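K.L.:
The structure is given below, and queries will be raised subsequently.
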Amino acid sequence: MRIVAGRAGALTLELFDEEATLLENLLDQLIELLQSHSGTSLDPDPLFASLEIGGTDETPEDPALARLFPDAYSDAEEAAKFRRVTEQGLLNRKLQDATSVVTALAIDAPDRAGVDAAAHEPVRVTITAESLPEWVRTVSALRLAIAARLGIDGEEDHERALEDDDTHGTVLVFDWLAAIVDSLLRFESVLGDEPIE
Numbered sequence: 607m608r609i610v611a612g613r614a615g616a617l618t619l620e621l622f623d624e625e626a627t628l629l630e631n632l633l634d635q636l637i638e639l640l641q642s643h644s645g646t647s648l649d650p651d652p653l654f655a656s657l658e659i660g661g662t663d664e665t666p667e668d669p670a671l672a673r674l675f676p677d678a679y680s681d682a683e684e685a686a687k688f689r690r691v692t693e694q695g696l697l698n699r700k701l702q703d704a705t706s707v708v709t710a711l712a713i714d715a716p717d718r719a720g721v722d723a724a725a726h727e728p729v730r731v732t733i734t735a736e737s738l739p740e741w742v743r744t745v746s747a748l749r750l751a752i753a754a755r756l757g758i759d760g761e762e763d764h765e766r767a768l769e770d771d772d773t774h775g776t777v778l779v780f781d782w783l784a785a786i787v788d789s790l791l792r793f794e795s796v797l798g799d800e801p802i803e
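Numbering of the sequence shown is given in this note's numbering, commencing with residue 607 and proceeding in unit increments.
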C-alpha cells in the first residue's frame, strides 16, 4: 500500500490486489454489520439520510456496534434519550461512507479476475478532497470494529492479541488499516481541504 500525490485535488491510493480484495471484504462485512442494526432502509439523499431521527434505547449488545455507537452520556437515561434521536442518522452516515468507499474501490480497480498476478499491477483508487473524509471515517470504523472484536482497548491488549496465534493475523490487519488512515491524514494537506473531523 502506498499513496501518491496525483493531479491537483486528488491522491492515488495504490494497493496490491490482495490488499484491495481484503479491504473490499472488510467493507462488505462492515456494511452488513451496519445494515443488521438499521431500523430503516437508507434514504438515497445523503443529507436526509444523515439527519434521520430514530434509534434504540439501549447500547447494542454486539461489541463492534457498541464501539461504533457508544453512549454519549454516562447517565443511562440521558444516553438512551440521545441514542433515540441520533443513532439512525449516525448509522446512515456510516453506511453511506462505507458504500462510497467500496464503490470507489470497485470503479477504480481493474477487473481483478482477469489480472495477471505476475504483472504486479497495483489497484489504483483516486481519492479527492471530497472523498477523503469518507475514507478516513470508514477505515477508522473498520479499526474500531476489529478492536472491539479482539478486546483491544490499549497498548497492552494490542500486544496480547499480537502474541496470540489465534488473533495475530487480525492484529496485523488492524495495524495495516491504521497505516492507511495515517497515510491519508499525512497527505491531507496536498488536497488543500479543511482538516478532517
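C-beta: ideal position from N, C-alpha, C; glycine also. These numbers were taken from a predicted model, which means no experiment stands behind them.
Would you list the one or two residues that DSSP bridges to VAL731?
P.N.:
Beta-bridge pairing links VAL731 to LEU619.
K.L.:
For ILE758, name the three-state secondary structure that DSSP assigns.
P.N.:
If DSSP states are grouped into helix, strand and coil, ILE758 belongs with coil.
K.L.:
Using C-beta distances below 8 Å, list every residue in its chain close to VAL708, excluding the 5 sequence neighbours before and after it, in chain order.
P.N.:
GLU630, LEU633, ASP634 and ILE637.
K.L.:
Roughly how many angstroms lie between the CA atoms of TRP782 and GLU683, to the nearest whole one?
P.N.:
The straight-line gap from Cα to Cα measures roughly 38 Å.
K.L.:
Evaluate contact between the segment 666-682 and the segment 613-623, counting only Cβ atoms and requiring at least three cross-stretch pairs below 8 Å.
P.N.:
With the cut-off at 8 Å, the segment 666-682 and the segment 613-623 do not touch.
K.L.:
Going by beta-carbon coordinates alone, are ARG689 and ASP663 separated by less than 8 Å?
P.N.:
For ARG689 and ASP663, yes; Cβs fall inside 8 Å.
K.L.:
Between the Cα of VAL691 and the Cα atoms of ALA678, VAL779 and GLN641, which residue gives the shortest distance?
P.N.:
Selected option, being the one with the closest Cα: ALA678.
K.L.:
List the whole-angstrom C-beta distance separating ALA876 from LEU639, where the pair is believed to meet the contact cut-off of C-beta under 8 Å.
P.N.:
Because the chain is modelled from 607 through 803, residue 876 falls outside the range shown and cannot be assessed.
K.L.:
Using three-state DSSP, classify ALA611 as helix, strand or coil.
P.N.:
Looking at ALA611 - three-state DSSP - the assignment turns out to be strand.
K.L.:
For LEU791, which option in LEU674, ARG766, VAL742 and ASP771 has the closest C-alpha, if you only look at C-alpha atoms?
P.N.:
LEU791 has its Cα closest to that of VAL742, out of LEU674, ARG766, VAL742 and ASP771.
K.L.:
Taking only the alpha-carbon atoms, compute the straight-line gap between HIS774 and LEU756 and give it to the nearest angstrom.
P.N.:
Distance between the alpha carbons of HIS774 and LEU756 is about 10 Å.
K.L.:
Under a CB-based cut-off of 8 Å, is GLU620 close to chain C?
P.N.:
Reference to chain C is not applicable here, since this structure consists of a single protein chain.
K.L.:
In chain order, what residues of the same chain lie with their CB nearer than 6 Å to the CB of GLU762, ignoring the 5 residues before and after it?
P.N.:
Closer than 6 Å at Cβ, skipping near neighbours: no residue.
K.L.:
Would ILE758 pass as a contact of VAL779 if the rule is Cβ separation under 8 Å?
P.N.:
Contact: no.
K.L.:
What number of angstroms, rounded off, separates the C-alpha of VAL731 from the C-alpha of THR618?
P.N.:
Answer to the nearest angstrom: the Cα atoms are 5 Å apart.
K.L.:
Is GLU693 buried or exposed, if buried means 16 or more other CB atoms sit within 10 Å of its CB?
P.N.:
Result: buried.
K.L.:
Can you tell me whether ARG749 is buried or exposed? The criterion is at least 16 other CB atoms within 10 Å of its CB, across all chains shown.
P.N.:
By the neighbour-count rule (16 or more Cβ atoms within 10 Å), ARG749 is buried.
K.L.:
Looking only at its own chain, which residues have a Cβ that is under 6 Å from the Cβ of ALA686, when we skip the five neighbours before and after it?
P.N.:
So the list reads ASP663, once near-sequence residues are dropped.
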